[in-house]
Amino acid sequence: MIRRKSFVSISMALAVCLVIYTAMVYLPSEEKVAEGELSIVTDHSSNAAKAGLSTPDWVLEEGGEEEEEEEEEEEETKEEGPYTPNDPSAQFPPLSKFVQNQEIISDVSSLLDFYIIGFPKCGTTALKNYFARDVDEVLMGSSEICLWKSNHYRIIANLASELHDMKETSKHALQRQKAERTVMTSFKRAIKCPNIIFDDECPDCIKRTTDIFHKTSLIVALRHPIDFFRSYYNFRHYHKYPNFQFDDPNELIGPCSDETMSVCTDHARFHEYLAKFGKTNMTSTEELNLLKILTKGKKHPKDYEIPSKILLVEQGQMIDDTELFRQDLKSFLNLQYDLPPMEPPTRTSLDKFPDAEKREGFIDICEEKHKDVRAELLQNGKDAAQWIREFFMASEDVFVSSRDDFLERLKSWEVDPCDHV
């Protein structure tokens with residue numbers, strides 16, 4: 006009898022131990038759950054299935070140190086990204102993904118969608134301000150960023166930084182859009198440097214720029230060479246006073262020098278700078294006769310093989326601001342929404358140049374004493390118009406808005422605007 010009771014007691018004790026053991030194996034402690042050290046395991050579900058049992062939702066096991074490290078890495082990655090097109094503040098990977106120690110470590114071509122590269126005093130600033138102020142879809146660099154020979158790699162790092170930091174300003178654009186229409190699915194990033202097109206400063210700048218940003222479209226603004234020269238001369242005289250002083254503009258006929266600060270009649274030979282894109286055959290005598298560039302000991306334009314798409318804009322097209330022009334601009338840049346009208350300029354000449362002393366050296370290009378420089382500029386205009394019309398526009402990579410209108414504006418370059426004053 007005593008043996009029988011002892012057997013029952015032992016059996017009950019074993020049963021209690023089994024229950025306790027089961028609880029210890031399968032039930033998580035509150036402390037471990039609270040500390041987040043547990044993760045769901047699938048092995049128990051297969052064992053339960055073999056036993057014909059349903060798997061409890063709470064079946065967990067402890068996580069090891071490796072899993073904790075992976076979770077920390079995932080959290081760090083989450084802080085840096087991911088970036089989605091619907092959130093402009095998160096479209097940009099960390100700068101370290103592209104540049105380290107002022108060296109490019111990965112493909113940066115996606116950072117720059119279009120580049121306003123020339124020419125100065127042809128409406129490039131107005132175009133930049135338009136995109137920055139009125140076009141929510143475009144994130145425009147606030148300052149000019151140029152890639153010069155001496156600081157090429159440093160400036161690439163600065164450019165990546167500038168494009169990366171655009172996310173700060175894009176948040177304001179996003180807020181405006183939320184109140185007006187659906188959120189943008191993508192944003193175009195752009196910068197401006199109208200002097201980069203002049204190869205006097207850096208013969209290979211365009212080539213090296215497009216090698217790095219090979220997906221970037223280019224916008225080139227033009228105007229009548231006589232108007233271009235007058236505007237550039239007065240601009241330099243005002244802002245570089247007293248360092249820029251040429252009482253006789255005839256001194257600026259021909260090529261530029263360091264002293265002329267990019268102001269010279271040869272810089273109005275727009276076609277010679279467009280030729281270096283390598284978009285024409287450069288084989289006919291007629292074309293070669295229009296280009297002095299091949300007689301200056303410089304690299305042949307065909308050596309560049311620049312793949313970029315180019316939009317030519319005559320300044321008058323921006324001033325007239327037709328709906329067709331804006332539609333063509335939208336199409337070239339592959340924008341999602343229609344572009345708003347361009348606001349007419351409100352600043353007068355006195356607003357731009359308030360200092361009377363600095364204005365004293367301004368030239369009236371139509372004065373008789375400037376007829377020689379006008380004659381040189383007029384010939385440059387005729388050569389440029391012919392080359393652009395007959396050769397450059399024949400390339401499938403070159404685009405213009407309203408071809409007939411653009412050609413009429415080119416034709417006006419063959420006429421001295423002072424004849425109508």
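If you read the sequence shown in our numbering, its first letter stands for residue 6, the second for the next number, and so on.
Glycine is no exception: its CB is placed at the ideal position from the N, C-alpha and C atoms.
Note that the structure is predicted; figures quoted are calculated from it, not measured.
Residue i and residue j look like a contact to me (Cβ under 8 Å); what is the Cβ gap, rounded to whole Å?
i: Ile202; j: Ile122; result: 5 Å
i: Cys127; j: Phe233; result: 6 Å
i: Ser262; j: Asn200; result: Rounded, the Cβ-Cβ distance is 15 Å, inconsistent with contact.
i: Phe124; j: Ala226; result: 6 Å
i: Trp392; j: Glu292; result: 7 Å
i: His219; j: Pro312; result: 6 Å
i: Leu279; j: Asp388; result: So it is not a contact: roughly 12 Å between Cβ atoms.
i: Thr129; j: Lys197; result: 6 Å
i: Lys193; j: Val143; result: 5 Å
With respect to the beta strand (DSSP E) encompassing residue i, which residues constitute its N-terminal and C-terminal limits?
i: Ala280; result: From DSSP, Ala280 is part of no beta strand (DSSP E); its letter is neither H nor E.
i: Leu144; result: 143-145
i: Lys212; result: Taken as a continuous stretch (DSSP letters only), Lys212 belongs to no beta strand (DSSP E), being part of the alpha helix (DSSP H) at 210-217.
i: Lys245; result: Unbroken run through Lys245: none, as it is neither H nor E.
i: Phe404; result: 403-405
i: Gly123; result: 119-123
Would you call residue i buried or exposed, if buried means 16 or more other Cβ atoms sit within 10 Å of its Cβ?
i: Leu317; result: buried
i: Gln105; result: exposed
i: His229; result: buried
i: Glu264; result: exposed
i: Asp139; result: exposed
i: Asn339; result: exposed
i: Asn385; result: buried
i: Leu164; result: buried
i: Ala399; result: exposed
i: Ile110; result: exposed
i: Glu277; result: buried
i: Glu319; result: buried
i: Thr353; result: exposed
i: Leu329; result: exposed
i: Ile231; result: buried
i: Ser222; result: buried
i: Lys357; result: exposed
i: Gly259; result: exposed
i: His272; result: buried
i: Lys224; result: Looking at the sequence shown, residue 224 is not Lys but Ile. Buried is the call here.
i: Thr285; result: buried
Specify the secondary structure class of residue i as computed by DSSP and reduced to three states.
i: Val318; result: strand
i: Glu108; result: strand
i: Ile311; result: coil
i: Ile224; result: strand
i: Leu338; result: helix
i: Pro230; result: helix
i: Phe240; result: helix
i: Arg194; result: strand
i: Phe251; result: coil
i: Ile324; result: helix
i: Lys126; result: coil
i: Cys423; result: helix
i: Arg235; result: helix
i: Thr351; result: coil
i: Ser267; result: coil
i: Asp333; result: helix
i: Leu344; result: coil
i: Met398; result: helix
i: Glu475; result: Since the first residue of the chain shown is 6 and the last is 426, residue 475 is not available in this structure.
i: Glu372; result: coil
i: Phe203; result: coil
i: Phe275; result: helix
i: Lys442; result: Past the boundaries of the shown model lies residue 442; the chain is included only from 6 to 426, so the question cannot be answered.
Which first and last residues belong to the alpha helix (DSSP H) in which residue i is found?
i: Leu293; result: 290-294
i: Tyr135; result: 129-139
i: Ala361; result: 361-364
i: Thr386; result: Checking the sequence, you will find Gly at residue 386 rather than Thr. Looking at the DSSP string, the run of the alpha helix (DSSP H) that includes Gly386 is 376-395.
i: Arg414; result: 408-416
i: Leu355; result: 354-357
Check whether the Cβ of residue i lies closer than 8 Å to any heavy atom of the ligand MN, and answer yes or no.
i: Asp424; result: Absent from the structure shown: the ligand MN. Ligands present: none.
Three CB pairs or more closer than 8 Å across the segment 249-256 and the segment 367-384
yes
Validate contact between the segment 361-377 and the segment 239-248 using beta carbons, cut 8 Å, 3 pairs:
yes
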